[in-house]
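Visitor: Questions regarding the structure given below will be posed in turn.
Protein chains: 2
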Amino acid sequence: MGFDRLCEAILEKKNPTVAGLDPKLAFVPNFIKEESFKKFGNTLEGAADALLTFNKGLIDALCDIVPAVKPQCAYYEMYGWQGVKALHDTIAYAKEKGLFVITDGKRNDIGTTMEAYAAAHLGEVEVDDAAFAPFGGDALTVNGYLGSDGIHPLLPICKEKDKGIFVLVKTSNPSSGELQDKMIAEETVYRTMGDMCEQWGEDTRGAYGYSAVGAVVGATYPAQLGELRKALPHTLFLVPGYGAQGGGAQDVVPAFDARGLGAIVNSSRAIMCAYKKGDWQEEDYAKAARAEAIRMRDEIAAALK
Amino acid sequence: MGFDRLCEAILEKKNPTVAGLDPKLAFVPNFIKEESFKKFGNTLEGAADALLTFNKGLIDALCDIVPAVKPQCAYYEMYGWQGVKALHDTIAYAKEKGLFVITDGKRNDIGTTMEAYAAAHLGEVEVDDAAFAPFGGDALTVNGYLGSDGIHPLLPICKEKDKGIFVLVKTSNPSSGELQDKMIAEETVYRTMGDMCEQWGEDTRGAYGYSAVGAVVGATYPAQLGELRKALPHTLFLVPGYGAQGGGAQDVVPAFDARGLGAIVNSSRAIMCAYKKGDWQEEDYAKAARAEAIRMRDEIAAALK
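These protein sequences, in sequence, are chains A and B. If you use this note's numbering, the first sequence corresponds to residues 29 to 333, in order. If you use this note's numbering, the second sequence corresponds to residues 29 to 333, in order.
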């Protein structure tokens, strides 16, 4: 309940970071692509096979360092249903290796449609008398613009199956303020959304005090991270914007509580493309990813001390 | 440019409605399911095959009545990558039959990730020296909570490939007001989002005066429909909430301009499940869908007079 499994994994690995799996084909080492294209041609099947092979190598190298991975749906949909199959297979492989999987889909809709997304990404679907978990992630990012009708359909699955969601609150991008920083009476839109997260999560709090309804808050806005940490004591933060987008270790400190919990910091490209920096051979892309994951873990641990 | 193709199709068919293709398995007639399960077992493959067969029958029956169809991604993702393949095949079949396809994914993200969604749903992706259209829709619904960073990546594809987007502005659900009706200084959040749509679309206006950046505005809020029609003269509306959610023909009238353009009204379940009402045999589900689509067309035409 309430992200307990994620909190435990963070404590066990002493690492509040999540590795993003956003595999553009350009990120994949050539030797992997060549192998996949040999098997499937330079087709969507070939691309999807290359993504999956790349991801498996990364997962093998990272699974004892990071508590969680975050596949970004867009980069799989980009390669058609074949890419979406690679998303499925990536999630299955990560689960097999004991990782907590945050499916980054930013899904949103209402009522039975949102129930369909909930079943797809966190739950099960029935076909006649058989049941299947279509994607099988542990948590899903969602967009709360539609209000409670878009969030309530997720909560029963969170409770019954011990899953979680992260609602976009204050996103990491430069234009996030165009709407999110606007004032509603005395409050910003993002704070209003954050307060809704606290409310939505009320019945799903776990042993660490956090509910199953988390919030996405960008590392690029440290002041807001601190404001929201104080205002939303039961809401776990998924923190993008570290590294490539400019957020540093000091910037994410305000996202944490005194126990070093309350946030999980994402890094995607810096880990996946670590082999493109320095003197790595592309065959060592997984080793390079691991080294970067360790560096990031230690950097955040030092900042939190 | 700017939804011209959709406007032309609306004028040609004298019908500003779009048929939603949200195929829950429970909507599919038994004789289709039995056939599919015989071929593929009661598996996700079997479910996906049944959805596709159902959709093809609906498309055949509707393609000379409605200008557009709107597959809702959630109901395909719900059946795993196999369901997503059925989404792909449904879109391909609808295009073959000359229909304008609005992919209802409410996708949202920023920068290169949003570019990946744009390529997935509206554009092309390169694999080595080959190019593929992963899903091939004509328009995509998107969520603008992240501001311009989530919309700008779509605009080049809209321009180059004559595609469009619909941004969620005032959604049809009961709780849409929790955020969207809040006042920002003198304006509501939904109006702020609507004004952003006008701006985002500025460079993509077509022959009918509408830009490639449309807005989702619910039939369940007729006063807001009228307010937004006046305020956003270059923004085409996708109008959900007709029928099942309670919006009627009179309610959608304010969404239209004097030419009977400016809006396309969605109906999903009422069309798809028409055979479940009245004296239809389930084998005649497609005929029933066609009859309902004609009824809806005529009802709106009468209200617009």
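Note that CB positions come from ideal geometry on N, CA and C, so glycine has one too.
#1: Does the structure place the region 141 to 152 of chain B close enough to the region 81 to 89 of chain A that three or more beta carbon pairs sit under 8 angstroms?
#2: For the putative contact between T81(A) and C101(A), defined by C-beta atoms under 8 angstroms, what is the C-beta separation to the nearest angstrom?
#3: Between which two residues does the alpha helix (DSSP H) carrying I119(B) extend?
#4: From L53(A) to A158(B), what distance separates their C-alpha atoms?
#5: Is G172(A) near V195(A), with beta carbons less than 8 angstroms apart?
#6: Determine, for W109(B), whether the minimum Cβ-Cβ distance to residues of chain A falls below 8 angstroms.
#7: Got a sec, what are the start and stop residues for the alpha helix (DSSP H) G139(B) sits in?
#8: Is there a Cβ of chain A sitting closer than 8 angstroms to that of E206(B), yes or no?
#9: Compare the C-beta of M300(A) with all C-beta atoms of chain B and state if any pair is closer than 8 angstroms.
#10: For G175(A) versus I119(A), is the C-beta spacing smaller than 8 angstroms?
#11: Name the chain A residues whose beta carbon is nearer than 7 angstroms to that of P202(B)?
#12: I'd like to know whether the C-beta atoms of H149(A) and L168(A) end up nearer to each other than 8 angstroms.
#13: Classify G133(A) as helix, strand or coil using the three-state DSSP reduction.
#14: Just to confirm, are D223(B) and S203(A) a CB contact at a threshold of 8 angstroms?
#15: I need the DSSP call for I179(A), collapsed to helix, strand or coil.
#16: In this structure, does DSSP put M29(A) in helix, strand or coil?
#17: Using three-state DSSP, classify Q100(B) as helix, strand or coil.
#18: DSSP three-state label for N171(A), please.
#19: Going by DSSP, name the residue or residues bridged to A243(B).
#20: Could you name the residues that DSSP lists as bridge partners for V155(A)?
#21: Beta-carbon separation of E230(B) and T263(B) under 8 angstroms?
#22: Our contact map puts N43(B) next to R325(B) with C-beta atoms below 8 angstroms; I'd like the distance itself, whole angstroms only.
#23: Going straight from the alpha carbon of D312(B) to that of E255(B), what length do you get?
#24: Between D137(A) and K67(B), is the Cβ-Cβ spacing less than 8 angstroms?
#25: Could you tell me if N58(B) is buried or exposed, where buried requires 16 or more neighbouring beta carbons within 10 angstroms of its beta carbon?
#26: Give me the chain B residues within the contact set of E188(A), using Cβ-Cβ distance strictly less than 8 angstroms, ordered along the chain.
#27: Helix, strand or coil: how does DSSP classify G48(A) here?
#28: When Cβ atoms are compared, which residues of the region 147 to 169 of chain B fall closer than 9 angstroms to chain A?
#29: Does the beta-carbon distance from V112(B) to Y104(B) come in below 8 angstroms?
#30: On the three-state DSSP scale, how would you describe A76(A)?
#31: Name the residues in the region 262 to 275 of chain B whose C-beta lies less than 7 angstroms from a C-beta of chain A; which are they?
#32: Between which residues of its own chain and V280(A) is the CB-CB distance below 8 angstroms, once the five residues before and five after are set aside?
#33: From R257(B), C301(B), S296(B), pick the residue whose C-alpha is nearest to that of A283(B); which is it?
#34: If contact means a Cβ-Cβ distance below 7 angstroms, which residues of the region 60 to 75 of chain A contact chain B?
#35: Within 8 angstroms of any Cβ in chain A, is that where the Cβ of Q100(B) sits?
#36: Does any CB atom of chain A fall closer than 8 angstroms to the CB of G139(B)?
Guide: Judging by the given coordinates:
#1: no
#2: Rounded, the Cβ-Cβ distance is 19 angstroms, inconsistent with contact.
#3: 108 to 124
#4: 13 angstroms
#5: yes
#6: yes
#7: 139 to 149
#8: yes
#9: no
#10: no
#11: D177
#12: yes
#13: strand
#14: no
#15: coil
#16: coil
#17: strand
#18: coil
#19: V195(B), F265(B)
#20: A158(A)
#21: no
#22: 4 angstroms
#23: 41 angstroms
#24: no
#25: exposed
#26: Within 8 angstroms Cβ-Cβ: nothing; E188(A) doesn't reach chain B, min ~17 angstroms.
#27: strand
#28: A147, A148, H149, V153, E154, V155, D156, D157, A158, F160, A161, P162, F163
#29: yes
#30: helix
#31: none
#32: A247, P250, L253, V267, Y270, A291, V293, I328, A331
#33: R257(B)
#34: F65, N70, T71, L72, G74, A75
#35: yes
#36: yes
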